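Take a look at the structure below.
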């Protein structure tokens, strides 16, 4: 039997206006600031400093950079009712600069926040698994990193999710 993560769609939590392509930031901190400001603006979240701090604290414990040139910065935060999600695309690889970081870099950044309630933790884990599954195709990451349009990025992610559901 297929797990529920198989059926969860990234695009359930994502719309083209929640994608920044290309990102302006030149390093990890600038990228995270840009993404947090964007997610806060779209979702009416006021305390961007607290949100950024939650992401940076999470990064201190374990980097969210993965070998397939993506990073999945994420944190569980109070005062939200459901997962909020943005994707950013950098034309140039951004190095992970954390202490003890592996020599990894990322072009695609999938940043999300989820509620702190235990009942929501399953969705948090399923979304992490789904993002990793969708972006396990390094050709997809390469394609997306060359795109200048949020709509094109969104359409390509939708196509990849359809391909996965047909496997």
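In the numbering used here, the protein residues as written are 1 to 167. For glycine and all other residues, C-beta sits at the position ideal for the given N, C-alpha and C. Note that the coordinates shown come from a computational prediction; the quantities given were computed from them, not determined experimentally.
Could you tell me which residues DSSP puts in a beta bridge with residue i?
| i | result |
| --- | --- |
| residue 86 | 111 |
| residue 74 | 112 |
| residue 19 | 87 |
| residue 105 | 95 |
| residue 65 | 71 |
Beta-carbon within less than 6 Å of residue i's beta-carbon, same chain only, minus the 5 sequence neighbours each way: which residues are those?
| i | result |
| --- | --- |
| residue 90 | 23 and 107 |
| residue 77 | 54 and 113 |
| residue 115 | 80 |
| residue 150 | 16, 19 and 21 |
Taking the straight line between their C-alpha atoms, what separation do you get for residue i and residue j?
| i | j | result |
| --- | --- | --- |
| residue 213 | residue 167 | Residue coverage of the chain in this structure runs from 1 to 167, which leaves residue 213 outside it and unanswerable. |
| residue 148 | residue 157 | 14 Å |
| residue 51 | residue 104 | 24 Å |
| residue 74 | residue 142 | 22 Å |
| residue 25 | residue 31 | 5 Å |
| residue 110 | residue 102 | 19 Å |
| residue 125 | residue 59 | 17 Å |
| residue 82 | residue 42 | 14 Å |
| residue 72 | residue 47 | 21 Å |
| residue 13 | residue 144 | 18 Å |
Check whether the Cβ atoms of residue i and residue j lie closer than 9 Å to each other.
| i | j | result |
| --- | --- | --- |
| residue 38 | residue 57 | no |
| residue 21 | residue 152 | yes |
| residue 94 | residue 28 | yes |
| residue 140 | residue 88 | no |
| residue 68 | residue 154 | no |
| residue 86 | residue 45 | no |
| residue 162 | residue 137 | no |
Does the beta carbon of residue i come closer than 9 Å to any beta carbon on chain D?
| i | result |
| --- | --- |
| residue 166 | In the structure shown, chain D does not exist; there is a single protein chain. |
Going by the C-beta, is residue i closer than 8 Å to any heavy atom of the ligand ZN?
| i | result |
| --- | --- |
| residue 35 | Within the structure as shown, the ligand ZN is missing, as the structure has no ligands at all. |
Who are the Cβ neighbours of residue i in its own chain at under 7 Å, not counting the five residues just before and after it?
| i | result |
| --- | --- |
| residue 133 | 164 |
Do the region 5 to 20 and the region 124 to 131 meet, that is, are 3 or more Cβ pairs less than 8 Å apart? yes
Touching or not, the region 56 to 71 and the region 113 to 123, by the rule of three or more beta carbon pairs under 8 Å? no
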